[in-house]
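>
2 protein chains.
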Amino acid sequence: MAQKYVQTHEVSFFECDVNRTMTIPAILGVAIKASEIQSEELGRGTAFIQQFGLTWVVTSYVLEITRLPKVDERISISTKATEYNKYFCYRQFWLHDQAGNELVMIEAVFSLMDIKKRKLSSVKEEIVSPYESQKIQRIKRFPKLATMQSDAKWSYRVRFNDIDSNQHVNNAVYLNWMFDVLGFDFLTTYTPKLVLIRFDKEVAYGQQVDSHFELTETGSGKKTSHEIRTGEQLNSVANIYWQKK
Amino acid sequence: MAQKYVQTHEVSFFECDVNRTMTIPAILGVAIKASEIQSEELGRGTAFIQQFGLTWVVTSYVLEITRLPKVDERISISTKATEYNKYFCYRQFWLHDQAGNELVMIEAVFSLMDIKKRKLSSVKEEIVSPYESQKIQRIKRFPKLATMQSDAKWSYRVRFNDIDSNQHVNNAVYLNWMFDVLGFDFLTTYTPKLVLIRFDKEVAYGQQVDSHFELTETGSGKKTSHEIRTGEQLNSVANIYWQKK
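Same order as they appear, the protein sequences are chains P and W.
Quick note: my numbering has the first sequence finishing at residue 250, numbered continuously throughout.
Quick note: my numbering has the second sequence finishing at residue 250, numbered continuously throughout.
Structure follows, in structure tokens:
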């Protein structure tokens, strides 16, 4: 059985947008934080990983959102590393309210990146063994994302504080670029229920990115498709499913 | 004696920039978080304040930085509300390393804002009494900031996620705009030692801001002066003193 780590968190006003609910970047922040603390406690913190010249990167997230956490709400975050194969490690996170209701479930795929070569490295047993996750042979497929027909895009310049200590644009920033293009009216009328996002290629300081988007109707709500591109290079792709608040 | 609140924090990679040290917005985030938890524990959380139609806003910060916290470092954050007068509440924060050395000292000035009228409100005894801070008559003067001679500026559009649950641009975003104009080379060569920032007027969604800046030499380092403006309106002003890393 994989090791499970649980902690509580009080949702701050600055983790919330005008809807007074937590932003997706803030949710991913507290989730990643929980996994970092678990790693430290299992003796597999950054210092251990860096011995090998490696750092963790997230290659995809799926978020299933029952209800977004609210300003000042006390929530619990639990996480465990579930499975791994030669190149990828699979981890789940759950956010619950105080009554034990599930608010958000996250499936994340992690890889180890060689810091100098900027390339994925194979998973080392001595790094993952303490998490007691299951070794599997197959590579899990990320859900197929819709192809985009629209040419709509907004451009963004990478800012200094968009770059994290991994020397590339932090994952959370991609989500800000994707959300921002949808506009105030949309983002205060609709709430995200399902977010599928894949990170294909890192973005560096000084690059200009285009945030492409397309809005389509679904039976009960809306779907938005997103691509972050630097010129011809696809850096990230996402589908988000929304319902009226 | 004012109530003191202390907590520990593990510095995450995403709270750090390329220098692998904590960003000023991330430092202010953990500080504000500590004061929020203290307020909850004293029965003076957001729900209590909102009964009066009020919300806390920060009107200025002074940060004295001995050393910026590093990736993965375990730090302690302590805070107490020190004094208050008719319109302002004064609070201090300290970040310490595990050996007890002071890393950062922060002096913050808070006000209560009427959420509907968007105006400052006088301080209510029943809100501040549990903190056991000292009532004073005088208004403390914020250090005088240098006037700017330069016309250098960069323009920024307010993004959806720049707006927090107080319905205006979060304080941390002003600092991102001020830092970003200094460029990668400067920000990886110099480290901030003293930050003085005042918030004069809130910025709303849809506004375009200009981040004005000027660089001057001091005896042992550099000084940068900053103004955030929307047209003729001055929204925020800051001076930052830097030394070579």
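We put the CB at the ideal spot given by N, CA and C, even for glycine.
Computed from a predicted model, the values in this text were never measured in an experiment.
Does any CB atom of chain W fall closer than 7 Å to the CB of R164 (chain P)?
Taking the first residue of the first sequence as 1, we reach residue 164 (chain P) at position 159. By this cut-off, R164 (chain P) is an interface position.
> List, in order along the chain, the chain W residues whose C-beta lies closer than 7 Å to that of L192 (chain P)?
In the first sequence, the residue the question calls residue 192 (chain P) occupies position 187. F165, listed in chain order.
> Need the endpoints of the alpha helix (DSSP H) that Y179 (chain P) sits in, please.
Along the first sequence, one-based indexing puts residue 179 (chain P) at 174. Start and end: N176 to D185.
> Measuring only the C-alpha atoms, how far is E46 (chain P) from L180 (chain P)?
Residue 46 (chain P) sits at position 41 when you count from the first residue of the first sequence. Residue 180 (chain P) sits at position 175 when you count from the first residue of the first sequence. Straight-line Cα distance between these residues: approximately 29 Å.
> Can you name, in chain order, every residue of its own chain whose Cβ lies under 7 Å from the Cβ of G50 (chain W), other than the five neighbours on each side?
Counted from its first residue, the second sequence places residue 50 (chain W) at position 45. Cβ within range, chain order: S44.
> Based on DSSP bridge pairs, tell me the residues matched to L59 (chain P).
Your numbering for residue 59 (chain P) matches position 54 in the first sequence. The partner list for L59 (chain P) (beta bridge, DSSP) reads P:D119.
> Could you check whether S170 (chain P) and F18 (chain W) sit closer than 7 Å to each other, using their CB atoms as the reference points?
Within the second sequence, the letter at position 13 stands for residue 18 (chain W). Within the first sequence, the letter at position 165 stands for residue 170 (chain P). It is a contact, given that the beta carbons lie within the stated cut-off.
> When the cut-off is 7 Å and only beta carbons count, does K38 (chain P) lie next to chain W?
Residue numbering aside, residue 38 (chain P) sits at position 33 when the first sequence is read from its first letter. Answer yes: the Cβ-Cβ gap between K38 (chain P) and chain W drops below 7 Å somewhere.
> What is the DSSP secondary structure of I80 (chain P), reduced to helix, strand or coil?
Against the first sequence, residue 80 (chain P) aligns to sequence position 75. Note: I80 (chain P) maps to strand in three-state DSSP.
> Let me make sure I understand the geometry here. Which of P:L125, P:F184, P:D215 and P:K121 has the alpha-carbon closest to that of Y246 (chain P)?
As a working note, residue 246 (chain P) is residue 241 in the first sequence. Nearest C-alpha to Y246 (chain P): P:F184.
> Counting contacts by CB-CB distance shorter than 7 Å, is N181 (chain P) in contact with chain W?
Taking the first sequence and counting its residues from 1, one reaches residue 181 (chain P) at position 176. True, the Cβ-Cβ gap to chain W drops below 7 Å.
> Mind pulling the beta strand (DSSP E) runs of 3 or more residues that sit fully within the region 187 to 244 of chain W?
Entirely contained in the region 187 to 244 of chain W, the beta strand (DSSP E) runs reaching 3 residues are, in chain order, 195 to 204, 213 to 222 and 227 to 235.
> Please identify the residue among P:L100, P:Y161 and P:E130 whose C-alpha is closest to the C-alpha of I32 (chain P).
By one-based count along the first sequence, residue 32 (chain P) stands at place 27. Considering only alpha carbons, the answer is P:L100.
> Since F98 (chain P) meets chain W, which of its residues come closer than 7 Å, beta carbon to beta carbon?
Within the first sequence, residue 98 (chain P) is the residue found at index 93, counting from 1. In chain order: nothing, as chain W lies at least about 15 Å away.
> Given 8 Å as the limit, is there contact between the region 63 to 72 of chain P and the region 98 to 115 of chain P, that is, 3 or more CB pairs closer than that?
Yes, the region 63 to 72 of chain P touches the region 98 to 115 of chain P.
> Which word fits A86 (chain P), buried or exposed, when buried means at least 16 other C-beta atoms lie within 10 angstroms of its C-beta?
Taking the first residue of the first sequence as 1, we reach residue 86 (chain P) at position 81. Per the 10 Å Cβ criterion, buried.
> Counting only Cβ pairs nearer than 8 Å, list the residues of chain W close to A177 (chain P).
Along the first sequence, one-based indexing puts residue 177 (chain P) at 172. F19, listed in chain order.
> What residues of chain P sit near G226 (chain W), judged by a beta carbon separation below 9 Å?
Counting from 1 along the second sequence, the entry for residue 226 (chain W) is found at position 221. The premise fails here: G226 (chain W) is roughly 19 Å from chain P at the closest Cβ pair, so nothing lies under 9 Å.
> Return the chain-ordered list of same chain residues with a C-beta closer than 7 Å to the C-beta of W182 (chain W), the five sequence neighbours on each side being excluded.
Taking the second sequence and counting its residues from 1, one reaches residue 182 (chain W) at position 177. Answer for W182 (chain W): Y161, V214, S216 and I233, listed in chain order.
> For K145 (chain W), tell me which candidate among W:R164, W:N90 and W:S230 has the shortest Cα-Cα distance.
Sequence index remark: in the second sequence, residue 145 (chain W) carries index 140 (1-based). Nearest of W:R164, W:N90 and W:S230 to K145 (chain W), Cα basis: W:N90.
> Among W:T26, W:R203 and W:A7, which has the Cα closest to the Cα of N244 (chain W)?
Along the second sequence, one-based indexing puts residue 244 (chain W) at 239. When each option's Cα is compared against that of N244 (chain W), the closest is W:R203.
> In three-state DSSP terms, what is F147 (chain P)?
Here residue 147 (chain P) refers to the residue found at position 142 of the first sequence. Of the three classes helix, strand and coil, the one that applies to F147 (chain P) here is coil, per DSSP.
> Could you pull out every residue in the same chain whose Cβ sits closer than 7 Å to the Cβ of E137 (chain W), ignoring the five residues on either side in sequence?
Locating residue 137 (chain W) in the second sequence gives position 132, where the first residue counts as 1. These residues qualify, in order along the chain: M6, A7 and Q8.
> Under a CB-based cut-off of 7 Å, is G50 (chain W) close to chain P?
Locating residue 50 (chain W) in the second sequence gives position 45, where the first residue counts as 1. Yes, its Cβ sits closer than 7 Å to a Cβ of chain P.
> Please list, in chain order, the residues of the region 74 to 86 of chain P that have any C-beta partner in chain W closer than 7 Å.
Answer in chain order: V76 and D77.
> Which value, in whole angstroms, describes the spacing of the CA atoms of K124 (chain W) and N240 (chain W)?
Counted from its first residue, the second sequence places residue 124 (chain W) at position 119. Counted from its first residue, the second sequence places residue 240 (chain W) at position 235. Going from the Cα of K124 (chain W) to the Cα of N240 (chain W) covers about 15 Å.
> Within a Cβ cutoff of 7 Å, which residues of the same chain sit near R252 (chain P), ignoring the five residues on either side of it in sequence?
Outside the displayed range of chain P (6 to 250) lies residue 252 (chain P), so it cannot be described from this structure.
> Contact criterion: CB-CB distance below 7 Å. Does V63 (chain W) meet it with respect to chain P?
In the second sequence, residue 63 (chain W) corresponds to position 58, counting from 1. It does not; no Cβ of chain P falls within 7 Å.
> Is there a Cβ of chain P sitting closer than 7 Å to that of T28 (chain W), yes or no?
Stepping through the second sequence from its first residue, residue 28 (chain W) is reached at position 23. Yes - at least one Cβ of chain P is within 7 Å of the one on T28 (chain W).
> Alpha carbons only, please: which of W:G236, W:E15 and W:V23 is nearest the one belonging to I120 (chain P)?
Residue mapping note: residue 120 (chain P) aligns to position 115 of the first sequence, counting from 1. Here the closest residue by C-alpha is W:V23.
> Does the beta-carbon of G211 (chain W) have 16 or more other beta-carbons within 10 angstroms, so that it is buried, or is it exposed?
For this step, residue 211 (chain W) is matched to residue 206 along the second sequence. Looking at its Cβ environment, which holds fewer than 16 other Cβ atoms inside 10 Å, G211 (chain W) is exposed.
> Kindly indicate which three-state DSSP category F93 (chain W) falls into: helix, strand or coil?
For this step, residue 93 (chain W) is matched to residue 88 along the second sequence. Of the three classes helix, strand and coil, the one that applies to F93 (chain W) here is coil, per DSSP.
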